[in-house]
Each structure stands twice: as C-alpha cells, then as structure tokens.
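Residue numbers (our numbering): 752 to 823.
All C-beta atoms in this analysis are idealised placements derived from N, C-alpha and C, irrespective of residue type, glycine included.
Bear in mind that the values here come from a model prediction, so they are computed numbers and not experimental data.
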C-alpha cells in the first residue's frame with residue numbers, strides 16, 4: 752500500500768533528509784520519501800502494518816522536526 756501525506760511546517764531540506772532516513776528504518780516500511788519542495792511524505796508498507804508504520808513515522812518526524820505536522 753502506498754500513501755502520500757501533506758506535511759506542514761517542514762523548515763529545511765536537511766530535516767527532510769533526516770526524517771526520510773529515520774522513517775525508512777522503521778520495521779514494515781518498504782519505501783519512504785520526504786520531498787521538501789512539495790512538502791510531501793510518501794510511505795509504502797503492507798496494508799496490515801500501515802497504521803503501526805504511520806504511528807512510528809509520526810514519532811520519528813517529531814524527533815527530527817518537532818514543529819512539523821503530518822496532515823491526514
């Protein structure tokens with residue numbers, strides 16, 4: 752399953768790269784990308800694991816960029 756989410760208040764490309772690296776390390780993530788220019792997060796994971804992956808991704812995002820918000 753692949754989903755794209757809008758990000759709000761992502762301040763720099765370096766933070767986007769750090770977020771992407773952290774999210775890709777989450778168990779169950781097949782692929783993840785954070786695009787600073789479009790302010791979008793793309794996550795690919797199995798449908799059965801997706802809610803858990805998304806929850807872990809939000810935690811990883813807050814560690815890197817506390818002000819960044821995932822718009823569902």
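Contact check, residue i vs residue j, beta carbons under 9 Å
i           : j           : result
residue 757 : residue 821 : yes
residue 812 : residue 773 : yes
residue 795 : residue 823 : no
residue 791 : residue 815 : no
residue 780 : residue 804 : yes
Whole-number beta carbon distance between residue j and residue i, since they are thought to touch under 8 Å
i           : j           : result
residue 783 : residue 798 : With a Cβ gap of about 16 Å, residue 783 and residue 798 do not count as contacting.
Environment of residue i [buried if 16+ CB atoms lie within 10 Å]
i           : result
residue 808 : buried
residue 763 : exposed
Nearest residue (CA-CA) to residue i, options the options
i           : options          : result
residue 802 : 778, 819 and 788 : 778
Legend entry - Continuous beta strand (DSSP E) assignments of at least 3 residues falling wholly in the stretch 754-808: 780-786 and 791-796
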